[in-house]
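Using the numbering used here, you'd call the opening residue of the sequence shown number 20 and step up by one each time.
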Amino acid sequence: MSDQNGDIRKRILEGRNTVADLGSAIIDYLASVERVTEAASAASSQYQELVSLADAPLSEELGGKLRESVAQFARGSIAMATTFSQIMRTMQEAYEKLDEQTK
Numbered sequence: 020m021s022d023q024n025g026d027i028r029k030r031i032l033e034g035r036n037t038v039a040d041l042g043s044a045i046i047d048y049l050a051s052v053e054r055v056t057e058a059a060s061a062a063s064s065q066y067q068e069l070v071s072l073a074d075a076p077l078s079e080e081l082g083g084k085l086r087e088s089v090a091q092f093a094r095g096s097i098a099m100a101t102t103f104s105q106i107m108r109t110m111q112e113a114y115e116k117l118d119e120q121t122k
């Protein structure tokens with residue numbers, strides 16, 4: 020029974036490490052989202068500047084669509100990261116309960 024308990028505790032530790040890796044991946048994901056959002060915003064701003072120089076009113080509508088697309092991307096990405104975080108927290112709680120039960 021002691022060997023089995025030791026194996027279970029080892030697997031719990033491995034599971035917790037995997038959850039920690041998920042946390043790191045979420046942080047990396049959010050950093051990537053931030054870089055993409057910043058780059059898209061910069062591209063949209065440059066487009067807007069060009070539109071004002073070219074005095075092309077129809078193109079301003081496209082600039083508005085670009086800004087909204089960037090905002091949608093950011094909102095969707097944040098929602099996804101929130102879901103990942105909820106999964107991570109649930110997994111952490113599950114490992115904590117399992118750890119308590121095996122003591």
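C-beta: ideal position from N, C-alpha, C; glycine also.
CB-CB under 6 Å to residue i, same chain, minus the five flanking residues each way: which ones, in chain order?
{"i": "Ile-27", "result": "Thr-121"}
{"i": "Gly-34", "result": "Tyr-114"}
{"i": "Met-110", "result": "Val-38"}
DSSP three-state call for residue i: helix, strand or coil?
{"i": "Thr-121", "result": "coil"}
Going by alpha carbons, who is nearest to residue i out of the options?
{"i": "Gly-82", "options": "Ala-44, Glu-33, Tyr-66, Ser-43", "result": "Tyr-66"}
{"i": "Asp-47", "options": "Arg-30, Phe-103, Gln-111, Leu-69", "result": "Phe-103"}
{"i": "Ile-106", "options": "Arg-54, Leu-72, Leu-41", "result": "Leu-41"}
{"i": "Arg-94", "options": "Ser-21, Leu-49, Lys-29", "result": "Leu-49"}
Could you give the C-beta distance for residue i and residue j, rounded to a whole number, given that I count them as a contact under 8 Å?
{"i": "Phe-92", "j": "Ala-113", "result": "About 32 Å; that fails the 8 Å criterion."}
{"i": "Ser-96", "j": "Val-38", "result": "That belief does not hold up - the Cβ atoms of Ser-96 and Val-38 are roughly 21 Å apart, past 8 Å."}
{"i": "Ala-100", "j": "Ile-45", "result": "6 Å"}
Whose C-beta lies closer than 8 Å to the C-beta of residue i among residues of the same chain, with five residues either side of it excluded?
{"i": "Ser-63", "result": "Gly-82, Leu-85, Arg-86, Val-89"}
{"i": "Ile-31", "result": "Tyr-114, Leu-117, Asp-118, Thr-121"}
I'd like the list of long-range same chain contacts for residue i, defined as Cβ closer than 7 Å, with 5 residues on each side in sequence excluded.
{"i": "Asn-24", "result": "Thr-121"}
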